[in-house]
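Chains as they are written, first to last, in our numbering: chain D, 44 to 554; chain S, 447 to 765; chain C, 23 to 321. To start, the structure under review is shown below, and the notes come after it.
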Amino acid sequence: MKRNRLIPILLAAVMAMSAVPVAVGAAEASSDPVVLDVFLNHTWYPTDKFEGIIPETITEKTGVKLNATRAVDANQLGLMMASGDLPDIIFTDQELSRLSNDSLCYSYTDLIAQYAPEWKPSEMAIANATASSQDGKYYFLYSHAYTAEEYANATSGFPMSSSLLYRGDIAEELGFPADKLNTMDDLDALYAKVHETYPDMEVLVYGPVLNFGYFDIQWALTGNTSWVEKDDGTYVHTVASENYYNARKKLNEYFRLGYINPDSFAYDESTADGLIYTGGSFSYENATQGYAATFTEMGKAYNPDLKILEMKPLGEDAAYRLVHLGWAATFISKACKNPEAAIKLMEYLFSPEGARLTMWGREGIEYTLSEDGAPIFSDEWVEATKDEALFASKYNTNFYFGTTGLTEAIGRTAHLSAEYQDVYDLMRQKIVAAPWFGLAEPKDPNSDPFIQTEKLKELKENFDARLVMAESDAEFEKIYAELLDAARKIGLDSLTEYMNAEITRCKALYE
Amino acid sequence: MTGSAMGGRKPSLPQRLWRQRTMQLFALAGVAFLLIFSYAPMTGLLMAFKDFRFEKGFSGIFTADWVGLKWIREFVMDYNFSQLLRNTIVISVLKMICTFPVPILLAIAINEVKVSPVKRVVQTVSYLPYFISWVVVSGLCIQFLSSTGVVNTAMIKLGWIAKPLNLLSGKQYFWGLAVFTGIWKEMGWWSIIFLAAITSVDQAMYEAATIDGAGRLGRIRYITFPSIAPTVTVVLILALGNLLGGGLGGSTFEQSFLLGNTANRETSEIIQTYSFRMGMSKGRYSYATSIGMLQSIISVLLVFSSNAVAKRVSGRGLF
Amino acid sequence: MLARRNRIRYTREDWLVDIVVYIIVGVVFFITSYPFYYSLVISLNNAQDTARGGIYFWPRMWTFASYSSFFGDATWLFGLLVSVARTIVGTVITVMFTMMVSYGLSDRKLIFRKGYMGLIIFSMYFSGGLIPYYMLLRSIHLLDSFLVYVIPSALSAFFIFIALSFYDGIPGELRESGMLDGASDLVIFIRIILPISLPLVATIAIFSGVGQWNAWFDSAFFVKNKGLRTLGYLLMETINQANVPTNAQAALQSMAGSKVSPFSIRVTAMMISVIPILCIYPFLQRYFITGLTIGSVKG
Numbered sequence: 044m045k046r047n048r049l050i051p052i053l054l055a056a057v058m059a060m061s062a063v064p065v066a067v068g069a070a071e072a073s074s075d076p077v078v079l080d081v082f083l084n085h086t087w088y089p090t091d092k093f094e095g096i097i098p099e100t101i102t103e104k105t106g107v108k109l110n111a112t113r114a115v116d117a118n119q120l121g122l123m124m125a126s127g128d129l130p131d132i133i134f135t136d137q138e139l140s141r142l143s144n145d146s147l148c149y150s151y152t153d154l155i156a157q158y159a160p161e162w163k164p165s166e167m168a169i170a171n172a173t174a175s176s177q178d179g180k181y182y183f184l185y186s187h188a189y190t191a192e193e194y195a196n197a198t199s200g201f202p203m204s205s206s207l208l209y210r211g212d213i214a215e216e217l218g219f220p221a222d223k224l225n226t227m228d229d230l231d232a233l234y235a236k237v238h239e240t241y242p243d244m245e246v247l248v249y250g251p252v253l254n255f256g257y258f259d260i261q262w263a264l265t266g267n268t269s270w271v272e273k274d275d276g277t278y279v280h281t282v283a284s285e286n287y288y289n290a291r292k293k294l295n296e297y298f299r300l301g302y303i304n305p306d307s308f309a310y311d312e313s314t315a316d317g318l319i320y321t322g323g324s325f326s327y328e329n330a331t332q333g334y335a336a337t338f339t340e341m342g343k344a345y346n347p348d349l350k351i352l353e354m355k356p357l358g359e360d361a362a363y364r365l366v367h368l369g370w371a372a373t374f375i376s377k378a379c380k381n382p383e384a385a386i387k388l389m390e391y392l393f394s395p396e397g398a399r400l401t402m403w404g405r406e407g408i409e410y411t412l413s414e415d416g417a418p419i420f421s422d423e424w425v426e427a428t429k430d431e432a433l434f435a436s437k438y439n440t441n442f443y444f445g446t447t448g449l450t451e452a453i454g455r456t457a458h459l460s461a462e463y464q465d466v467y468d469l470m471r472q473k474i475v476a477a478p479w480f481g482l483a484e485p486k487d488p489n490s491d492p493f494i495q496t497e498k499l500k501e502l503k504e505n506f507d508a509r510l511v512m513a514e515s516d517a518e519f520e521k522i523y524a525e526l527l528d529a530a531r532k533i534g535l536d537s538l539t540e541y542m543n544a545e546i547t548r549c550k551a552l553y554e
Numbered sequence: 447m448t449g450s451a452m453g454g455r456k457p458s459l460p461q462r463l464w465r466q467r468t469m470q471l472f473a474l475a476g477v478a479f480l481l482i483f484s485y486a487p488m489t490g491l492l493m494a495f496k497d498f499r500f501e502k503g504f505s506g507i508f509t510a511d512w513v514g515l516k517w518i519r520e521f522v523m524d525y526n527f528s529q530l531l532r533n534t535i536v537i538s539v540l541k542m543i544c545t546f547p548v549p550i551l552l553a554i555a556i557n558e559v560k561v562s563p564v565k566r567v568v569q570t571v572s573y574l575p576y577f578i579s580w581v582v583v584s585g586l587c588i589q590f591l592s593s594t595g596v597v598n599t600a601m602i603k604l605g606w607i608a609k610p611l612n613l614l615s616g617k618q619y620f621w622g623l624a625v626f627t628g629i630w631k632e633m634g635w636w637s638i639i640f641l642a643a644i645t646s647v648d649q650a651m652y653e654a655a656t657i658d659g660a661g662r663l664g665r666i667r668y669i670t671f672p673s674i675a676p677t678v679t680v681v682l683i684l685a686l687g688n689l690l691g692g693g694l695g696g697s698t699f700e701q702s703f704l705l706g707n708t709a710n711r712e713t714s715e716i717i718q719t720y721s722f723r724m725g726m727s728k729g730r731y732s733y734a735t736s737i738g739m740l741q742s743i744i745s746v747l748l749v750f751s752s753n754a755v756a757k758r759v760s761g762r763g764l765f
Numbered sequence: 023m024l025a026r027r028n029r030i031r032y033t034r035e036d037w038l039v040d041i042v043v044y045i046i047v048g049v050v051f052f053i054t055s056y057p058f059y060y061s062l063v064i065s066l067n068n069a070q071d072t073a074r075g076g077i078y079f080w081p082r083m084w085t086f087a088s089y090s091s092f093f094g095d096a097t098w099l100f101g102l103l104v105s106v107a108r109t110i111v112g113t114v115i116t117v118m119f120t121m122m123v124s125y126g127l128s129d130r131k132l133i134f135r136k137g138y139m140g141l142i143i144f145s146m147y148f149s150g151g152l153i154p155y156y157m158l159l160r161s162i163h164l165l166d167s168f169l170v171y172v173i174p175s176a177l178s179a180f181f182i183f184i185a186l187s188f189y190d191g192i193p194g195e196l197r198e199s200g201m202l203d204g205a206s207d208l209v210i211f212i213r214i215i216l217p218i219s220l221p222l223v224a225t226i227a228i229f230s231g232v233g234q235w236n237a238w239f240d241s242a243f244f245v246k247n248k249g250l251r252t253l254g255y256l257l258m259e260t261i262n263q264a265n266v267p268t269n270a271q272a273a274l275q276s277m278a279g280s281k282v283s284p285f286s287i288r289v290t291a292m293m294i295s296v297i298p299i300l301c302i303y304p305f306l307q308r309y310f311i312t313g314l315t316i317g318s319v320k321g
């Protein structure tokens, strides 16, 4: 019946679309599309083909077709930059500062003035991107950017973050249905019960990336910045913060109670994933947000009662701190054969219409907007999401050079059933947007603060495991003291001073 | 050298060169090749002493500011330098001692198998792990060595241990893991070289020895072994040159990178992985190059000194 | 010959050696073949089901899905052709060039030999890195061409030393007798040395052939033309695509994309690259297994 309603909309949309190119200019519509070479500097990128409904629609709207090459190795971009053999467009989340350079790329400042004077990116977006360049111009705009208001007003969607999945069926059986799980103490009690009832089960497993992310969130920490605001308004590095100390202390307690198998540090993605849906583990901490439904489906083949749920935030101080400025950048290189077409492509992809198209498909066909601005997807779309390969080849939602964070978040979760949506409503209440942390992060990769920041990240990663696996309180203290000592050797004190000034300065820009 | 008039009619240099012109041309072709493909790019070594920023282009190798030993100093002063140095040395030496003899023994053993199909099958099978990339090896290790894996299960059933060992995450196990996986992965592959040397031994010598009454051990000792000794010497010197890279035990870098994890990093992190994490992957080419150069110097010293020792001991060396 | 030796008394020593040898060989056979066999089984089993564990000898849920995820389109067929071509051409070039250069160097009376050897050794341990190498390839117009696969790999110092140690074992009289017959060095090399060097040829061929077959790096860094991509490159691309990045924000983005099983993908990639080698190796193997009798060649 929904389909019946769709048909008139569909017809209208087709007519509207066929009218658009004519309105834009007959010359463009009749000529062949401009083909631009794009280098996708993400080895994991799901596709390297500009095919499917969404890319084809982009070509229709902008007259640009992309010939994509996906990175195989992280050093490829560096070599391209050093040798000057750059493709037309580069889509990357690395080397933003080094690419924001007049000798390698066109600045958006100049291109917009010359070819797309109508395009007026927000002042904050410009300031955020300009922070990466030395000459006061901006060479990209962050994709997946967001504002605090956007999330405050949103009714669905949640930015990707670490999560804790757990076996809802077992929790319920042991007397802990979702509404009885409200504090960290509840979680402690549940874990104790699970460990007692199922001694062979690994109570807590974490994935190889972003270890302990969910637990960090309960203590208002995030992997996207190393800095924490203290009560007195000054800023302190994560490793020197009470939040970090307490979070690791908690995990150490779990370790000593036998909830964590040390091998968890060695598991790869497949193994860690497999344990939760085949019954080997009770809870699973990883960047698995939104996978509760997927894993439940996968596990049902072996255990029809199995139900995997996503844990709501439990900590008193829990906060989803959004500190990043956005995600990636699209650079238009000096070698670009048609900078005009490239900047116009970006203009379209950053427009509300383009942003939605990349994540939601065509309005009126793949989705219709509800009253509160959320998309209602077509049955065809919802059906396709169940088959990853089909969904990818049919729609190909991946070319998201310019979309916003919220658009992506909604597109990812809007098709889930209410059972899985509720937890996002709780999580959205805990969002704290503080992009000035991201703005203050050292940008120049050759500078001391940058190198110190990287070294401290590495140091923290190495000590995370040691702290969690400490055998006694005394050993925990000893390792923690060792960590602080090493951090000082790297230059923690001078970096703290520098970052306090920077964060304060950046925060002022936002006010 | 200049071909004196004394001692009969020693030919002059050009004459001698002309006489060995074919051999000279053969050798020079190789040298020319190396000059182009190896030595020309070595200009890049300059960046070890410069503040090279790749985003400014290739010419920066020549034009960037000199910084002397800045990068080496940064590395040596690093908070975990002593730990990195210890791990690097211990793993390299352990692997060298444990992995080097294995392919030789295996080659001799395979050669002693007189049933041809068995010989063929074992030889083919033994080099299979060479093709398993370290990424896959690390995956297999998780399957086999985790606390619920086959190895722990078997050891518990046999009563050898009471609780599963954390072979993958325990920092006390990493060195053993590196040695064992190194042997497992590479022994069959390197045995190919020794087998080739063994098979080029004149079969008539074995027959003669048999007739002289030599037993099998005798034949191994007096014919097989001496005949592969030159190859063993050469491979040993080359392996010593590659001591820091892993000798005949596979890439230590990949082992540390893929079998290492945050739980065992105290014993698994080596100089190469650290310089990769802090240098190359952060675009700090100068830093990475200078650490790499330090290792090259150590390698060359090792090769020249082991060559000198080999020459004194056996009268035969690599060069 | 074998039969004759068997007729000679089998002593206690012979038995002892046999026992030790068969134990060694048996252990090696088991620990090397089983993980490989296990990988084959995993590559043929449903990836989700594998996570349950307990698969040791036979797939529980047969599927070719892991394999079909690789051979998506015609790119793979091209990749296969390019890889076969580079393996054949590259190996032939490497073997010939290495044999030639090292034969030249094997003459101990060669003038400047010490200098040449020094250059070779240094070249093994010092490298200027990727950037100057790329610039070199660009200046000699090897970028984006098939030749970049087979020319820069034509000579390796390691192979030279292996070849030199082999030539060392060849009796000097062989060359001298050739010279007495009035043959030039070139003729001696081709007529006398090459025919008895088959174990060496086979060794270098398998070492360089395997390297060529697995190569992906040059295809990724030095070639832009998609039609020139090698099988190794395509395998590496698929493997890396299945990996979750370690950078926090990128990891989150990639997880928003898809959920694949990297282990099955990797194992399958390995099988795809190994099976052809397994098929070809037995043809080279006989040169290691059946010994050559130098005397017979000489006579």
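Glycine residues also receive a C-beta, built at the ideal position from the N, C-alpha and C atoms. All values derive from a computational prediction rather than experimental measurement.
| What are the complete alpha helix (DSSP H) segments, minimum 4 residues, inside the stretch 156-230 of chain D? | 166-173, 191-196, 211-216
| said: Measuring CB atoms only, is the stretch 148-168 of chain D touching the stretch 84-102 of chain D, in the sense that at least three cross pairs come out at less than 8 Å? | reply: no
| Beta carbon of M139 of chain C nearer than 8 Å to that of F765 of chain S | yes
| At what residues does the alpha helix (DSSP H) containing F239 of chain C begin and finish? | 239-244
| request: Name, please, each residue of chain C whose Cβ falls closer than 8 Å to the Cβ of R113 of chain D. | output: E259, Q263
| request: Determine the chain C residues that contact I639 of chain S at a beta-carbon separation under 7 Å, and present them in chain order. | output: I184, T225
| What number of angstroms, rounded off, separates the C-alpha of V425 of chain D from the C-alpha of K343 of chain D? | 20 Å
| Which residues mark the beginning and the end of the beta strand (DSSP E) in which I419 of chain D is found? | 418-420
| query | Name the chain D residues that come within less than 7 Å of Y525 of chain S, Cβ to Cβ? | reply | A529, K532, I533
| task | Give a yes or no on whether 8 Å exceeds the smallest Cβ distance from M341 of chain D to chain C. | result | yes
| task | Report buried or exposed for S538 of chain S, applying the criterion of at least 16 other Cβ atoms within 10 angstroms of its Cβ. | result | buried
| field | CB contact flag (F93 of chain D, A111 of chain D, <8 Å) | value | yes
| query | Comparing the C-beta of F51 of chain C with each C-beta of chain E, is any distance below 8 Å? | reply | Any reference to chain E falls outside this structure, whose protein chains are D, S and C.
| message | Would you say G628 of chain S lies against chain C (beta-carbon separation less than 8 Å)? | response | no
| request: Whole angstroms is fine: what's the gap from T534 of chain S's alpha carbon to S269 of chain D's? | output: 30 Å
| query | Using a beta-carbon distance below 8 Å, is E700 of chain S in contact with chain D? | reply | no
| In chain order, what residues of the same chain lie with their CB nearer than 6 Å to the CB of N441 of chain D, ignoring the 5 residues before and after it? | P89, T90
| query | Going by the C-beta, is L535 of chain D closer than 7 Å to any heavy atom of the ligand NAD? | reply | Inclusion of the ligand NAD in the displayed structure is not the case, the ligand content being empty and no account of it being possible.
| What residues of chain D sit near F243 of chain C, judged by a beta carbon separation below 7 Å? | Q119, L122
| Bridge partners of F374 of chain D, per DSSP? | D:I133
| query | Buried or exposed: which applies to F305 of chain C, given that a residue is buried once 16 or more other Cβ atoms fall within 10 Å of its Cβ? | reply | exposed
| query | Three or more C-beta pairs closer than 8 Å, one from the stretch 107-125 of chain C and one from the stretch 695-704 of chain S: is that the case here? | reply | no
| query | Taking Cβ positions only, does E632 of chain S come closer than 8 Å to chain C? | reply | no
| said: Distance check for D306 of chain D and K163 of chain D, CA to CA, integer angstroms please. | reply: 52 Å
| message | Counting only Cβ pairs nearer than 9 Å, list the residues of chain S close to E504 of chain D. | response | T708, R711
| task | Round the Cβ separation of T86 of chain D and N265 of chain C to the nearest angstrom and send it over; I've been treating them as touching at under 8 Å. | result | 7 Å
| Same chain only: Cβ atoms within 7 Å of R399 of chain D, ignoring 5 sequence neighbours per side | E406, T450
| request: Could you name the residues that DSSP lists as bridge partners for F82 of chain D? | output: D:T112, D:I133
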